[in-house]
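Read the structure below first, then the notes.
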Amino acid sequence: MPASASAPAPGAASASGPSAAPATVDAPQPPAPGGPPPPSPAAESAFRAPYAALTWGIVLSVGLVAFESMGVATVLPEIAGRLGGLHAYGWGLSALMLANLIGTVAAGRDADRHGPARPLAVGLVVFAAGCALAGAAPNWPAFLAGRFLQGLGVGAVMALAYAVIGLAYPQHLRARMFALVAGGWTVPSLIGPTVAAVIADHVSWRGVFVLLLPLIAIAATLALPPLRRLHHAEASGPSAPAAPSGAALPPVSWWAGPVARSVLLAAGTGVLLAGLQVRRPALLVPLVVVGGAVAVLALRSVTPPGTLVARRGVPTGVVLRFLLCGAYFGSEAFLPLGLVQLRDLSASQAGLGLSAGAITWVLGAAWQGRADSRWSGRSRAVPIAAGCAVLLVGIAVMALGVLVDAVPALTAVAGWAIGGAGMGVAFNAATTDAMEQAPADRQGEAGGAMQLAQTLAVAVLSGLGGAAVSLASAYGSTVTVALSATFALTAALAAAGVLAAHRIRPAGRP
């Protein structure tokens, strides 16, 4: 997947435990005596009834988010120049990312209480409103407001993609769906920059946003009806509880609720990112410390209990998502810079590395999805650890190609192809296993926590790497030193993933 504040994967269990079968969309009834036998699990497909419409709706929704993220990033310099926003260029990206945190938590918690259809519908409407506002913006503040709305919608769409797969698909299709979501992200992100540039050059940058509006409507038309039927089936089923367990929780003050805490998390992260952009240590250190402390305090209340100490089970799944995305996206963000600045490659040549990693990510996820049946019902610690180890090797090879003149520069491209394959395997396996353990009435919370971890990882590692480059420049050091420190940190995160993989299942479970 491309480096973005949003990105994808899960499976779900019922509230009675990870081995219970979740409800499925329009699950076929047992055949009448003498009728055709039901399809075997091997014959079922996510692109056949009763899953086809929902599958296309999920994949299209994720693809739209990917296209918007990469396409807008391509034309953002032109937008900032035309709307007078060059002085605050970074907030064109940060506004979306910080809103993403809020949308992720709000949508996930609402899905646990009322089912996924309502928050997904709201998320798509808000995303469309943000596209419309950004596309029509007369000035930079209005454009940033549109980006903020888009971020709320992006957070909802990405968090609910995980929860929906866990609730609506049988266990043997979930890993394949997560691989499809990875492809639904990667393919548009590969073509998005080119398409956006063509539209901006031959029509207007505003057309990039207008193009998304009818596609959002199509995604909603495909995905929402089966989700409503799923919710109604659960509500009227003989074994369905009277209300989701989340609804029975004691009321809390609005300021102590998850949405308010997600706003606090976004504010703390914003202060942290602002501090990382300051060159003066006298300002950088207090801003980073205060922002980081606020973000950590808020993070504790919007993630599953035990996440900050990597408790076994779902909390470790959230931690693994942070480690994987920090290692992968934190490295990828600075790969083009290193190849252009240190190895004198062109931008198009440097882009080969990003494309190679994206393609092998999809291939790795697809392989893991096909092979997942052998791990179903037991810990996927082995493929997770193996994927993290391959990602670590990829980072090391990529760093050699960027930092060592004696090594051919295109070695970095080969290294990132290796890293992408490891990421695809580990990302898919970790998310599938973690979401498989989440009870049916906590799928939204778990999926939101996964997306939250990814967004934070991208933001923090990109900010730390950018700060390293900025401080190196300010104090007479070199880009080589800054990138060496950055790649060492991302490699350490991948190594930590190898060590944490065995905690994906609680002690005593297979």
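Under the working numbering, think of the first position of the sequence shown as 388, with each following residue one higher. The beta carbon of each residue, even a glycine, is placed where N, CA and C say it ideally should be. Because the structure is a prediction, the values reported are computed rather than measured.
query                                                                                                      : result
Rounded separation between Ser677 and Leu684 - CA only                                                     : The sequence shown places Val at residue 677, rather than the Ser named in the question. Answer to the nearest angstrom: the Cα atoms are 11 Å apart.
Rounded distance between the beta-carbons of Gly579 and Gly717, thought under 8 Å                          : Rounded, the Cβ-Cβ distance is 21 Å, inconsistent with contact.
Touch test, the region 509 to 516 against the region 465 to 477, Cβ-Cβ under 8 Å, three pairs minimum      : no
Residue range of the alpha helix (DSSP H) that includes Gly657                                             : 645 to 663
Contact check, Met822 vs Ala546, beta carbons under 9 Å                                                    : no
Short Cβ contact (9 Å threshold) for Leu663 with Leu851                                                    : yes
Reduced DSSP secondary structure (H/G/I, E/B, other) of Pro405                                             : Model confidence at Pro405 stands at a pLDDT of 31, short of 50, so the residue's coordinates are unreliable and nothing is read from them.
Coil, strand or helix - Asn487 by DSSP                                                                     : helix
As assigned by DSSP and simplified to three states, the class of Tyr556                                    : coil
Cβ pair count under 8 Å reaching 3, the region 588 to 601 against the region 431 to 438                    : no
Option nearest Leu707 by Cα separation, candidates Leu876, Val868, Ala844                                  : Ala844
Stretch-stretch touch, CB-based, cutoff 8 Å, three pairs: the region 565 to 583 with the region 516 to 531 : no
Where Thr690 falls: helix, strand or coil (DSSP)                                                           : coil
Status (buried if at least 16 other CB within 10 Å, exposed otherwise) for Tyr715                          : buried
Cα-Cα separation, Thr442 to Asp828                                                                         : 21 Å
Beta-carbon proximity of Leu483 to Ser448, cut-off 9 Å                                                     : no
Separation of Phe454 from Ala584, as counted between CA atoms                                              : 12 Å
Residues near Val749 by beta carbon distance below 7 Å, same chain, minus five either side                 : Ala569, Gly570, Thr573, Gly811
Reference Gly479; option with closest CA among Val462, Ala493, Val492                                      : Val462
Through-space distance from Val769 to Ala869, alpha-carbon basis                                           : 33 Å
Helix, strand or coil at Pro673 according to DSSP, with G and I counted as helix                           : helix
Within 9 Å, strictly: CB atoms of Ala887 and Ala697                                                        : yes
C-alpha gap between His889 and Ala773, whole angstroms                                                     : 11 Å
Neighbour-count burial assignment, Leu686, 16 or more Cβ in a 10 Å radius                                  : buried
Proximity winner among Ala881, Glu832, Ala682, Leu617, relative to Ala440 (alpha-carbon distances)         : Leu617
Span of the alpha helix (DSSP H), counted from its first residue to its last, around Leu511                : 504 to 523
Expected contact under 8 Å - CB spacing of Ala494 and Ala543 to nearest Å                                  : 4 Å
Three-state secondary structure assigned by DSSP to Val412                                                 : The pLDDT assigned to Val412 is 42, lower than 50, so where the model puts this residue is not dependable, and the model offers no usable value.
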